[in-house]
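Since the structure comes first, as structure tokens, the remarks are kept for the end.
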Amino acid sequence: MGLKRIKNRSIALPKKIKLYRQTYEKAEGIQDVHVVKVSTFADDYGGWFKETIRLDPQGYTVTLKDLGIKFRPVQANTSFLAPKTKRFWHIHPSQNEIWTTNGTIILGLIDYRPESSSYLTKMKIILSADKFVYIPAGVAHGFINPNNDSVTLNYFTDQFFVANENTQECRIDPKVVSFDFVKPEIM
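Add 1 to the 1-based position in the sequence shown for the working numbering, that's all there is to it.
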């Protein structure tokens, strides 16, 4: 899905405001980025249980292994996202990740792997509680919590986080690479 700029004579918007029509074709994806529906089970009290990942005896994530991706998580992290939180573009040169949440976040991705068939492709994902997304190394990512409530983000990595000058988390200046997930160029 995306947006296409249109003009309509029966609508008079101020000059700086543009009119768009929703498009419904399947958006171009990023190579090796996978959004996976996970098993969730509701309870009688309004809550739910989710099987986020299942590991085989060698420690690989079964769902991704079935897709041809060998992902062996070594660290699980939790981030508490306040309402309207934005985390600008960052990228990991060699770290792969699985993200899942208890609510909904808007996730933006840009492929910066020069050998990838989707090099420089941009992608937007609405990540909800019933899904996880696999983000390969070299794909920049950032997110917005658009909600008026806090959201918990759980993510699994195949590298250990080290909070020093050797960290694998590299930031990208949002003034140089647009971070507006509402604009058509990121949809």
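Think of the CB as a built atom: it goes at the ideal place given N, C-alpha and C, for glycine as much as any other residue.
(request) With DSSP collapsed to three states, give me the class of Asp112. (result) Working through the sequence shown from its first residue, we reach residue 112 at position 111. Strand, per DSSP.
(request) Could you work out which residue in Ala130, Ser118 and Met124 is closest to Ile106 when comparing CA atoms only? (result) Here residue 106 refers to the residue found at position 105 when the sequence shown is read from its first residue. Closest by alpha carbon: Ala130.
(message) Am I right that Ile173 and Ala141 are in contact with their C-beta atoms under 8 Å? What's the rounded C-beta distance?
(response) Counting from 1 along the sequence shown, the entry for residue 173 is found at position 172. Counting from 1 along the sequence shown, the entry for residue 141 is found at position 140. At roughly 6 Å, the Cβ-Cβ gap stays under 8 Å, so Ile173 and Ala141 are in contact.
(request) Look up Thr64 in the DSSP assignment and say whether it is helix, strand or coil. (result) Position 63 of the sequence shown, counted from the first residue, corresponds to residue 64. Thr64: helix per DSSP, three-state reduction.
(request) On a CA-only basis, which of Arg10, Ile92 and Thr64 is nearest Lys110? Give me that one, please. (result) Stepping through the sequence shown from its first residue, residue 110 is reached at position 109. Per the sequence shown, residue 110 should be read as Leu rather than Lys. Among Arg10, Ile92 and Thr64, the Cα nearest to that of Leu110 belongs to Ile92.
(request) Could you pull the start and end residues of the beta strand (DSSP E) that Lys38 belongs to? (result) Looking up residue 38 in the sequence shown gives position 37. Here the beta strand (DSSP E) through Lys38 covers His35 to Lys38.
(request) Name the two residues that bound the continuous beta strand (DSSP E) containing Asp135. (result) In the sequence shown, residue 135 corresponds to position 134, counting from 1. Position check: residue 135 holds Tyr in this sequence, whereas Asp was assumed. Here the beta strand (DSSP E) through Tyr135 covers Lys132 to Ile136.
(message) Going by beta-carbon coordinates alone, are Pro84 and Asn146 separated by less than 8 Å?
(response) Taking the sequence shown and counting its residues from 1, one reaches residue 84 at position 83. Taking the sequence shown and counting its residues from 1, one reaches residue 146 at position 145. Yes, Cβ-Cβ distance for Pro84 and Asn146 is below 8 Å.
(request) Could you check the C-alpha separation between Thr64 and Tyr25 for me, to the nearest Å? (result) Stepping through the sequence shown from its first residue, residue 64 is reached at position 63. Stepping through the sequence shown from its first residue, residue 25 is reached at position 24. Each residue's Cα considered, the two are about 28 Å apart.
(request) Could you round the C-beta distance between Phe72 and Pro175 to whole angstroms and report it? I think they count as a contact, below 8 Å. (result) As a first step, residue 72 must be located in the sequence shown, where it is residue number 71. As a first step, residue 175 must be located in the sequence shown, where it is residue number 174. Not quite, the Cβ-Cβ distance comes to about 28 Å (not below 8 Å), so this is no contact.
(request) In angstroms with no decimal places, state the Cα-to-Cα distance between Val177 and Tyr120. (result) Within the sequence shown, the letter at position 176 stands for residue 177. Within the sequence shown, the letter at position 119 stands for residue 120. Rounded to the nearest angstrom, the two C-alpha atoms are 18 Å apart.
(message) With a threshold of 6 Å on Cβ separation, who are the neighbours of Lys60 within its own chain once the five nearest residues in sequence on each side are excluded?
(response) Reading the sequence shown from its first residue, position 59 is the one you call residue 60. The amino acid occupying residue 60 in the given sequence is Gly; Lys does not appear at that position. If we look at Gly60 and ignore the five residues flanking it on each side, its Cβ neighbours are Arg73.
(request) Hey, could you find the ends of the beta strand (DSSP E) His91 is sitting in? (result) What you label residue 91 is simply residue 90 of the sequence shown in a count that begins at 1. His91 -> beta strand (DSSP E) spans Lys87 to Ile92.
(request) Consult DSSP for Thr122 and reduce its assignment to one of helix, strand or coil. (result) Position 121 of the sequence shown, counting from 1, holds the residue named residue 122. Note: Thr122 maps to coil in three-state DSSP.
(message) Just to confirm the assignment, what range does the beta strand (DSSP E) spanning Tyr1 have?
(response) The requested residue 1 does not occur in the structure, where the chain is confined to residues 2 to 188.
(request) For the beta strand (DSSP E) holding Pro152, just list the boundary residues, first then last. (result) On the sequence shown, residue 152 is found 151 positions in, with the first residue counted as 1. The identity of residue 152 in the sequence shown is Val, whereas the question assumes Pro. Residues Val152 to Thr158.
(request) Find out if the Cβ-Cβ distance for the pair Asn97, Pro58 is shorter than 8 Å. (result) Here the question's residue 97 lines up with position 96 in the sequence shown. Here the question's residue 58 lines up with position 57 in the sequence shown. Going by C-beta atoms, Asn97 is not nearer than 8 Å to Pro58.
(message) Can you tell me where the beta strand (DSSP E) holding Thr79 begins and where it ends?
(response) Taking the sequence shown and counting its residues from 1, the one referred to as residue 79 is at position 78. Start and end: Gln76 to Leu82.
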